[in-house]
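Protein chains in written order, with my numbering: chain A, 2 to 161; chain B, 3 to 164.
A virtual CB, placed ideally from N, CA and C, is assigned to each residue, including glycine.
Here is the structure we will look at, set down as structure tokens.
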Amino acid sequence: MKSNLHKRLVLIISLGLAVWLAGIVVTPVLASNSWPLGRKVAAFMYFFYKPVCHQIPGRSFCLDGFTLAVCVRCFSFYLGGLFITLACLFKGKIRLWPLTTYILMAAPAFLDFVLEKFNLYTNIDLLRLVTGLLLGIAVFQLLLVSFSTSTTKQGTESLT
Amino acid sequence: MDNQRIMAAGFVGGLVAGALNSIPILNFINCFCCAGIMLGGAVALIYYDRSFTVREYINPATAVTVGITAGLFGAFISLGIDYLIYINFGHWELDFMYDVLEAIEEVPPVIEEMLYELEQDLQAGFIWGSLLFRNLILMPIFCLIGAMITRVYINKNREESI
């Protein structure tokens with residue numbers, strides 16, 4: 002019963018991430034379309050994703066001559082999230098990793114972000130892709146762990 | 003669950019999320035995978051946890067409620083801050099986008115058209131409804147993620163301290 006609930010939750014998170022990612026990829030396709038309504042929708046989609054990403058064209062993947070709705074790092078962050086939720090869905094079990102694992106997975110993206118912000122070096126898309134992917138896996142794994150443990154008077158128990 | 007405590011925690015978290023979402027320069031933190039808004043959810047849950055003298059384990063339902071409440075407060079607070087900024091500085095985000103586009107050698111005409119259309123919509127007042135709509139969707143989701151992640155470490159620390 003509890004396991005079913007957990008599976009449903011993971012499924013909902015996976016679907017949510019898939020829809021989120023689809024929105025990111027569909028935006029440039031709509032923008033490149035000659036259909037006026039499609040372009041209006043694309044403009045709104047760029048506006049919609051604006052608070053979650055800087056959307057700088059030079060740091061984003063292009064599709065049909067237009068950039069995706071988020072930058073490479075953010076795109077790979079959500080992609081990493083989708084990857085880990087799908088893995089959890091098929092594997093069925095999830096447990097908390099040691100804190101150092103999360104730190105090691107998040108540190109490259111953080112360093113990449115900070116060093117670049119202070120113009121200490123110029124990174125490349127592949128590096129952003131890999132660091133974002135690792136960060137996404139770490140963050141969404143933690144989220145799944147949080148959803149997979151219920152609370153009792155004695156402490157926490159796994160639902161998986 | 004204690005509704006009064008949840009509202010207080012939600013408001014504090016909403017203040018953090020709203021400020022980090024709307025105040026220029028501070029909102030650069032969101033370039034790092036929306037960390038600023040998630041931080042709002044995390045702050046809300048920590049505030050909620052610390053409001054108890056006898057601290058218990060936090061269950062998922064409480065973390066979800068606190069996170070979503072913080073996001074909803076944050077959505078309105080962010081809109082308020084955006085409005086204050088608009089009154090004082092105008093559409094600085096649109097100006098920023100124009101500056102970015104000017105740095106590019108060849109801007110596709112379609113993008114220019116889209117920006118022009120967006121500017122028209124902004125002037126028509128369409129933007130405030132859109133901003134609120136966007137905030138009401140994005141902020142609860144990311145605050146919830148922040149609160150749920152924080153829950154893992156609050157409970158883990160509690161287990162270790164017992």
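Item                                                                                                                                                                              : Value
Evaluate R129 of chain A with the Cβ neighbour count: other Cβ atoms within 10 Å of its Cβ, from every protein chain shown; 16 or more gives buried, anything less gives exposed. : buried
Less than 9 Å between CB atoms is the rule here; does S15 of chain A satisfy it with respect to chain B?                                                                          : no
Within a Cβ cutoff of 8 Å, which residues of the same chain sit near A11 of chain B, ignoring the five residues on either side of it in sequence?                                 : A46, L47, Y49, Y50, S53, V68, T71 and A72
Counting Cβ pairs, one atom from each stretch, are 3 or more of them under 8 Å apart for the region 34-42 of chain A and the region 71-89 of chain A?                             : no
Tell me, please, whether the region 89-99 of chain A touches the region 31-38 of chain A by the rule of three or more beta-carbon pairs shorter than 8 Å.                         : no
CB N90 of chain B to CB P52 of chain A, shorter than 9 Å?                                                                                                                         : no
Taking Cβ positions only, does V154 of chain B come closer than 9 Å to chain A?                                                                                                   : yes
Looking at chain B, which residues of the region 126-153 of chain A have a Cβ within less than 8 Å of any of its Cβ atoms?                                                        : G133, L136, G137, V140, L143, L144, V146, S147, F148, T150, S151, T152 and T153
Quickly, what does DSSP pair L64 of chain A with across the bridge? List them, please.                                                                                            : A:F67
Using 8 Å for Cβ pairs, my map puts V131 of chain A next to L69 of chain A. What's the rounded Cβ distance?                                                                       : About 17 Å; that fails the 8 Å criterion.
For the structure I just gave you, are there three or more beta carbon pairs, one from the region 135-151 of chain A and one from the region 105-116 of chain A, closer than 8 Å? : yes
Report yes or no: do three or more beta-carbon pairs, one from the region 118-129 of chain A and one from the region 7-21 of chain B, lie closer than 8 Å?                        : no
Just verifying my parser: in three-state terms, what is the DSSP assignment at T132 of chain A?                                                                                   : helix
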